[in-house]
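Numbering (this note's numbering), first residue to last: 1 to 586. Think of the CB as a built atom: it goes at the ideal place given N, C-alpha and C, for glycine as much as any other residue.
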Amino acid sequence: MNVFAHVEGLIKTALESLQADGELPAEIDLASIEAEAPRDKGHGDLATNAALVLAKKAKMKPRDIAEKLKDRIEANAEIEKADVAGPGFLNLTFRPEFWQAIVLSIIDAADAYGRADLGGGAKMNVEYVSANPTGPMHVGHCRGAVFGDALARLLEFAGYDVTREYYINDAGGQIDVLARSAFLRYRQALGENICEIPEGLYPGDYLKPVGAALAKQYGEALTEMDEAQWMPVVRVKAIEMMMAMIREDLAALNINHNVFFSEASLQADGRERIGEAIESLKEKGLIYQGVLPKPKGHDDGEWEEREQTLFRSTEFGDDVDRAIAKSDGSYTYFAGDIGYHYDKLQRGFTHLINVFGADHIGYIKRMKSAVTALSDGKADFDIKVCQLVKLFRAGQPVRMSKRAGTFVTLRDVVDEVGRDPVRFMMLYRKNDASLDFDFAKVTEQSKDNPVFYVQYAHARSCSVFRNALEAFDGLDTSADALRAADLSKLTDEGELELIKLLAAFPRLVEGAARAHEPHRLAFYLYEVASALHAQWARGNDSPQLRFIAQGDVGLTVARLAMIAATRQVISSGLDLLGVEAPDTMR
RNA sequence: GGCCCCGUAGCUCAGCUGGAUAGAGCAGAUGACUUCUAAUCAUCAGGUCCGAGGUUCGAAUCCUCGCGGGGUCGCCA
């Protein structure tokens, strides 16, 4: 059950009954009325702004409306009291039974607790990572990868039919560079002394296995060919091996895409996706031949006027129109992206999300323009930007340079600090704020490190169950036994606080899914963990508050039910972040 | 110069799409381990929400103009 939605329902019903009785004008719209958790505990469990929102439309004083509403609301058996407060808030306090029942509903729902139907099964495409297949992924890719994956999990939980997609940039000039670099390694593998890797080629050792594989497969045959002949062969092999490496890196982070979409495939095997997409834009009058103005802020003298094929992205709020063909007539990268998104739309996706790195911010407007144009504004398209990750080691920034070989790969980070801490820390920040990542802090196992803090709360919940079995010989802790618990024994303020927090989970999932902000889950889980640790510690001072109540099986089982509900929320939440919920911390 | 992010406690950051007296963690001070793993908890202290206008019952949040930091800017990908 979503408590907030439930209460909003109660409020609307009450308002409608006021309208029916002529106490409120019948014609006013009740849409923007909300229930929310007040910051201050003195303001009840939930508050509604109904009277404030309606006052103007109804031409009545807010407090007068609130008073009328109060009487109707208090008729509900679940409500202990309703108070008119401040400028016209109505603060609702529920009877303990209401909260106690939440525990039962969580145990009943199990894994499904918090699941939402925002999406209604709509097809959602989440594209993330999409790193060039020219080498191993570095740390910068890590954040987008984790973010995209968590977002996909969240949206699935919120009722979308999600496809996780990776766009392979395997058609551009950098792939030829990759192939030439691999070819050099191939000659090296055949025993040739290649000296230094020339400027402009990829120097990394990771291409040596590609050279070796080519040597094994083709022997010296490729050396007999000229570049035009060996190029396609080497290119395919290099991309295949680079992608295999990238997939392995992603798997180390527990990230698995459903679709790896090749840029080259847009124009291969008889497909003409780019042409079709451009044709469709042409029909809308959005393609023309023209000259772009000189960009400002750059005063290299190399700029010259050129006539190009342009997309009228300024129609949709972009600063300038964008080129889709180079002067030699071939397509630009942007044209490929237009074709790619056209393809996504053709595949029936009504919702699209792209996760970009900070360096692609300037690309957002043209991409949105293109999707708006292609879908006639019908597609729901969002681009999420992950800002930079700054690495620190013991407080000092880590300098990275490809040339000096001090380049930190994604794999290095995962191997050093572990999958769970990496994932959690990447999500423990808004995506559009830059993030400082300190190796020392992330590996620390203390409350300074939110990953361990939350995982420890889960492990602690599990340990309570283990200890309960020792304290009460033959105790039945099955879900059925917990369902039968006498929850009215859960009357401590701390216990009710914890349950109220658990009750907020469904609303939180909805909000995070709607805003495309998985970080909210991470912060929420921290709060739940904190409430659990606090309640645990109260048992140190007040033994009667211990989860395992000496000699009182009934009370113990009731508390175990509450712990089970807490554990459920933490494990569901961690699962949405792709982080393990361990039974024990050792 | 254009565009996009960011600016909240000494530090690192939340703030649920406009709610009531702005919250956490770290750092600082004080206290709690013969325990249900103290890998934790409690209390105190800490604020010009960058600035100035505007919108309204109500602004850290929305709009405008500034200031500061970062990113990016015609055929690369």
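Asked	Found
Cross-strand partners of K593 (DSSP beta bridge)	There is no way to answer for residue 593, as the model of the chain reaches only from 1 to 586.
Any 3 or more C-beta pairs closer than 8 Å across the region 7-16 and the region 42-50	yes
Own chain residues within Cβ distance below 7 Å of K61, not counting five before or after	A55
Reference D420; option with closest CA among Y456, A433, N431	Y456
Counted within 10 angstroms of its Cβ, other Cβ atoms place Q217 as buried (16 or more) or exposed	exposed
For R399, three-class secondary structure by DSSP	coil
DSSP-derived helix/strand/coil call for K390	strand
Whether I197 touches A564 by CB criterion (8 Å)	no
A268 versus K384: straight-line alpha-carbon distance, rounded	30 Å
Under 8 Å between C-beta atoms of Y202 and G135	yes
In chain order, each beta strand (DSSP E) run of at least 3 residues that lies wholly inside the region 395-481	435-438
Identified DSSP bridge partners for A35	T48
CB contact flag (E165, E127, <8 Å)	yes
Three or more C-beta pairs below 8 Å linking the region 450-465 and the region 551-565	yes
Exposed unless 16 or more other CB atoms sit within 10 angstroms - verdict on V320	exposed
Nearest residue (CA-CA) to A122, options L104, G191, L352, S434	L352
Sufficient close CB pairs (3 or more, under 8 Å) joining the region 435-442 to the region 388-401	yes
Cβ contact (3+ pairs, closer than 8 Å) linking the region 109-124 and the region 82-99	no
Boundaries (first-last residue) of the beta strand (DSSP E) holding N354	351-357
Assigned exposure category for D170 - 16 Cβ within 10 Å defines buried	buried
Within 8 Å, strictly: CB atoms of P506 and A244	no
Beta-carbon proximity list for R559, same chain, < 6 Å, skipping 5 on both sides	F547
Candidates H43, G539, V422, of which the one nearest A145 by Cα	V422
Alpha carbon of A131 to alpha carbon of R95, nearest angstrom	54 Å
Proximity below 8 Å, CB of M241 to CB of L410	no
Neighbourhood of A529 by C-beta, 6 Å cutoff - its chain only, sequence neighbours within 5 removed	Y453, V454, A457
From E23, G148, E74, L18, residue whose alpha carbon lies closest to that of K430	G148
Selection from L577, M585, D583 that minimises the alpha carbon distance to I255	L577
Host alpha helix (DSSP H) of F183 (start-end)	173-189
8 Å Cβ cutoff met for G211 and A179	no
Option in Y167, T584, L118, A20 with minimal Cα separation from F465	T584
Close Cβ partners of R366 (< 8 Å) along its chain, the five nearest in sequence each way excluded	F311, S313, D318, R322, F334
Residue burial classification, W230 (beta-carbon count within 10 angstroms, cutoff 16)	buried
Inter-residue Cα distance where the pair is L501 and I364	37 Å
The beta strand (DSSP E) enclosing Q134, as first and last residue numbers	In the sequence as presented, Gln is not what sits at residue 134; that position holds Thr. T134 -> no beta strand (DSSP E), and no H or E assigned at all.
L281 vs I287 beta-carbon contact at 8 Å	yes
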